[in-house]
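2 protein chains.
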Amino acid sequence: MSLDIQLPPRERLLQAAVELLANSDGAPVSTRKITELAGVTAPTLYHHFGDKEGLFDAVVAVGFEQYVASEMDLAPTGKPLDDVRSMWDQHVRFGIEQPHLYLVMFGKVRPGNRSNRVSEAEALLREKIDRAAESGHLNVPPADAVRSILAANIGVTLMLISEPETERNFELSDMTRDAVITAVSSDAGIADSATPVETSSVVVAAIALNAALESSNPQQLSNTEMKMFLEWLHRISKDS
Amino acid sequence: MSLDIQLPPRERLLQAAVELLANSDGAPVSTRKITELAGVTAPTLYHHFGDKEGLFDAVVAVGFEQYVASEMDLAPTGKPLDDVRSMWDQHVRFGIEQPHLYLVMFGKVRPGNRSNRVSEAEALLREKIDRAAESGHLNVPPADAVRSILAANIGVTLMLISEPETERNFELSDMTRDAVITAVSSDAGIADSATPVETSSVVVAAIALNAALESSNPQQLSNTEMKMFLEWLHRISKDS
DNA sequence: CTAGCACCTATAGCATTGCTATATGAAGAG
DNA sequence: CTCTTCATATAGCAATGCTATAGGTGCTAG
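As you go down the protein sequences, you meet chains P and E in turn. Residues 1 to 240 (UniProt numbering) make up the first sequence, in order. Residues 1 to 240 (UniProt numbering) make up the second sequence, in order.
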């Protein structure tokens with residue numbers, strides 16, 4: 001089983017944990033499998049890491065360093081909010097590429113007991129947000145901005161992870177990212193109450209689309225397609 | 001231990017599970033404690049619910065019905081986006097008031113394996129969003145709006161739950177809520193350089209028409225024509 | 001009334017889990 | 001050579017989810 005070359009047992013345990021965690025599709029990984037794969041016995045694990053969570057913490061710490069390192073690679077662009085955007089994207093990418101690590105870090109929520117990793121991620125984001133605040137790009141207190149962005153970021157990442165790979169739609173990430181960032185930024189104010197169009201019939205909607213199409217010609221349809229499309233649109237607008 | 005009045009064992013199991021879940025501060029609840037409190041033995045549990053998850057599913061179903069019921073109490077205001085806002089608030093409130101139930105419902109994420117509860121919540125939200133789309137309040141395809149809002153909603157709720165009660169700041173919820181809803185709504189344009197206003201109105205109208213067509217099928221087009229028409233409509237709503 | 005039948009519950013126990021009390025080995029210090 | 005210290009192994013405990021099997025319990029058919 002233990003195909004590892006001779007390394008210090010501590011390292012072999014870490015390596016085994018990472019490997020099993022990566023191939024277990026999110027199912028719980030037992031200490032026995034880990035020690036077996038590492039070619040060690042139980043007390044060795046507990047001698048080095050205290051308990052199972054200690055081992056996972058160590059594993060996560062390694063993963064988190066990669067995460068932080070990838071954040072640091074992103075040089076400041078001079079536009080702090082763009083840096084925040086990059087950070088969001090890195091966060092999502094990390095979650096998608098290492099879902100098991102990500103779930104160990106952010107997946108298990110306990111009431112009234114925030115995980116260390118959340119605090120660490122918050123601190124990382126806080127740095128960038130502070131820079132945005134300094135240069136007057138922020139609309140709300142930095143702490144609020146950080147919490148809102150991070151909450152949405154984690155929510156989106158968890159949702160993407162939970163979706164089958166085939167139907168993952170990353171527009172979800174971009175859209176939500178820009179939504180929360182725009183909301184906390186002073187660059188563009190959020191307008192509130194508006195004038196709803198109370199009518200909801202097919203005819204009215206068709207007419208509206210027709211009018212909109214006349215003032216701007218989108219490129220998604222060819223000329224012949226557009227011609228036919230408008231013809232049908234006209235027919236629909238006639239009556240219902 | 002079993003202080004319950006004589007009820008059918010199935011009900012006593014449910015009741016015991018709820019009670020233990022509520023008093024366990026998020027720690028795992030064992031089947032033995034449940035059966036002990038219910039005054040039953042193990043096979044009874046497995047006879048009625050299949051396995052532990054089945055029991056929790058049943059518990060959650062009850063909780064979810066409360067959740068849905070509280071949603072339904074909110075009469076439509078005529079402003080669909082306000083209804084969406086109420087729904088968000090109800091979601092958060094439910095999570096705060098019953099964190100253990102909430103965590104069973106939305107807390108355990110598995111890669112590529114979305115939970116039923118997420119799908120159900122999505123369907124509930126989808127209804128309201130569709131109404132917003134029908135009346136031209138939506139900026140993006142309803143499916144995208146729903147996912148974005150729900151992801152942020154869950155993310156915010158999880159974050160609030162994980163925070164100590166004393167320092168819970170509900171502004172986080174309001175802020176994020178308005179951010180994502182504003183982003184998907186056409187009532188107040190996001191100052192986003194990527195989406196010029198002219199095409200935006202086309203997109204809005206196309207989305208509204210699409211939603212309207214789904215709720216009433218007009219007879220002016222044949223089946224094949226309608227199919228192609230919808231295909232093009234979809235392409236137009238995708239934005240450019 | 002009784003025999004059969006379906007449904008529900010209990011006895012007892014298995015395999016796996018995280019973890020540990022205790023012992024054994026090796027390596028340096030005196 | 002002895003003694004201490006660190007690291008690993010032997011063996012096993014208590015708790016977990018779950019089940020093979022058997023025992024009631026009530027209903028319907030004869």
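We put the CB at the ideal spot given by N, CA and C, even for glycine.
- If you look at HIS137 of chain E, you'll find it isn't in any alpha helix (DSSP H); DSSP assigns it neither H nor E.
- The CB of PRO111 of chain E comes closer than 8 Å to the CB of ASP25, GLY26, PRO99, HIS100, LEU103, ILE161 and SER162 in chain P, given here in chain order.
- Any Cβ of chain P closer than 8 Å to the Cβ of VAL68 of chain E would place that residue at the interface, and such an atom is absent.
- The C-alpha of ALA152 of chain P is placed about 15 Å away from the C-alpha of ARG126 of chain P.
- SER24 of chain E carries a coil assignment under DSSP once its states are collapsed to helix, strand and coil.
- ASN139 of chain P is classed as buried because its beta carbon has at least 16 other beta carbons within 10 Å across all chains shown.
- Annotation: ALA121 of chain E to ARG114 of chain E spans about 12 Å, alpha carbon to alpha carbon.
- The Cβ atoms of VAL109 of chain P and ILE161 of chain E lie closer than 8 Å to each other.
- The DSSP-derived three-state label of SER86 of chain P is helix.
- Ranked by Cα distance from ALA143 of chain P, the first of P:LEU45, P:LYS128, P:ILE154 and P:GLU71 is P:LYS128.
- Counting only runs of 4 or more residues that sit fully inside the stretch 43-121 of chain E, the alpha helix (DSSP H) segments are 52-73, 80-97 and 99-106, in chain order.
- In terms of beta-carbon proximity, GLU171 of chain E lines the interface with chain P, with at least one pair separated by less than 8 Å.
- Exclusion of the five residues before and after ARG10 of chain E leaves HIS48 as the residues of its chain whose Cβ lies within less than 7 Å of its Cβ.
- The beta carbons of THR31 of chain P and THR44 of chain P sit about 11 Å from each other, so the pair does not count as a contact at 8 Å.
- Secondary structure note for PRO142 of chain E: its alpha helix (DSSP H) is the uninterrupted segment 142-162.
- Between the stretch 91-106 of chain E and the stretch 86-105 of chain P, the count of Cβ pairs shorter than 8 Å is below three; the stretches do not touch.
- If you draw a straight line from the Cα of ALA27 of chain P to the Cα of GLY107 of chain E, it is about 15 Å long.
- Annotation for THR31 of chain E: the continuous alpha helix (DSSP H) segment containing it runs 31-38.
- When CB distances to chain E are screened at a threshold of 8 Å, the residues of the stretch 174-187 of chain P falling below it are MET175, THR176, ASP178, ALA179, VAL180, THR182, ALA183, VAL184 and ASP187, in chain order.
- Nearest in C-alpha terms to VAL84 of chain E, of all of E:LEU221, E:ASP178 and E:SER186, is E:ASP178.
- Within 7 Å of the CB of VAL84 of chain E, no CB atom of chain P is found; the nearest one sits about 13 Å away.
- Of all residues in the UniProt domain "HTH tetR-type" (7-67) of chain P, only ASP25 and GLY26 place a beta-carbon less than 7 Å from a beta-carbon of chain E.
- In its chain, beyond the 5 residues on either side, VAL92 and VAL156 have a beta carbon closer than 6 Å to the beta carbon of SER173 of chain P.
- Distance check between ILE149 of chain P and each of P:THR176, P:PHE170 and P:VAL40 places P:THR176 closest, using alpha-carbon atoms only.
- A direct Cα-to-Cα measurement between SER185 of chain E and ASN169 of chain P gives close to 19 Å.
- Per the DSSP secondary-structure output, SER185 of chain E pairs in a beta bridge with E:LEU138.
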